[in-house]
Each structure stands twice: as C-alpha cells, then as structure tokens.
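Residues 555 to 659 in our numbering are what the sequence shown lists, from first letter to last. Backbone N, C-alpha and C define an ideal beta-carbon position, used for all residues, glycine too. Owing to the predicted nature of the structure, the values given are computational and were not obtained by experimental measurement. Written out below as structure tokens is the structure these notes cover.
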Amino acid sequence: SRKMEETDWPRTKGGAKKNDTGRLPIHIKPKLFKADPNHRKKVAGKMFYELEKRQKNTSKVDEALALQLKDYWSVYLKQVRFKNWSKDKKEVMRKSKFPLEHCFD
555 SRKMEETDWP
565 RTKGGAKKND
575 TGRLPIHIKP
585 KLFKADPNHR
595 KKVAGKMFYE
605 LEKRQKNTSK
615 VDEALALQLK
625 DYWSVYLKQV
635 RFKNWSKDKK
645 EVMRKSKFPL
655 EHCFD
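Next up, the structure:
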C-alpha cells in the first residue's frame, strides 16, 4: 500500500474535497468476523514462549519445543474452526490434546 496523495482525496460531483468525518459510507458494510486465526496462533505462541523463559526446573519447554507447540496449535485451530463448540465439545476437547501428545509422546 502507498501513502494517500492529494489527488486521491474523495471529491464531490462538483469537484470539491469531501469532508473527512472518519466514518465509512452507508453502502459499505462493516466486516463481521471473529478472531483472525493468525492472531490466535500468535497469542498461543506467546504463552508457549513464556513457558520457555521459565527456569529449567519448572518448565521442560525450550525454544524449539515452543515453536513446535505453536505450529501444532495452529493446525488444531484449523481442524476445529468450523465445529460447533457447544454441540461437538467432546471432539473439540479430544483434539485439543493432540498437540501436547504429539510433542510429549
């Protein structure tokens, strides 16, 4: 993306600059989505890296394992993203243990 220039400014039919109200026009619908999956991966990864920073006698997670857990967690989120969490709770909970079992088995 590039910086907005003077010629990019929205204009009225008469050619005058439109006022900037900071609002979208009424015909543009706001985006309706839940949390971005990449953001979920970053948040979970942050927690795994905090485990890595702990003393070695309290945490067995090193940097490589934190990276693996982060990647496995994102795969898990992709697998359950279309599940109905209230209806398929048992399956979602069962699958949530897979990243840990994969790393520590």
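- DSSP links Arg648 through a beta bridge to no other residue.
- Cβ-Cβ separation between Lys595 and Trp639: approximately 18 angstroms, too far for a contact (criterion under 8 angstroms).
- The three-state secondary structure of Arg565, taken from DSSP, is strand.
- By the Cβ test, the stretch 569 to 578 is not in contact with the stretch 597 to 612, since fewer than three Cβ pairs between them sit closer than 8 angstroms.
- Taking the CA atoms as reference points, Lys632 sits about 11 angstroms from Asp625.
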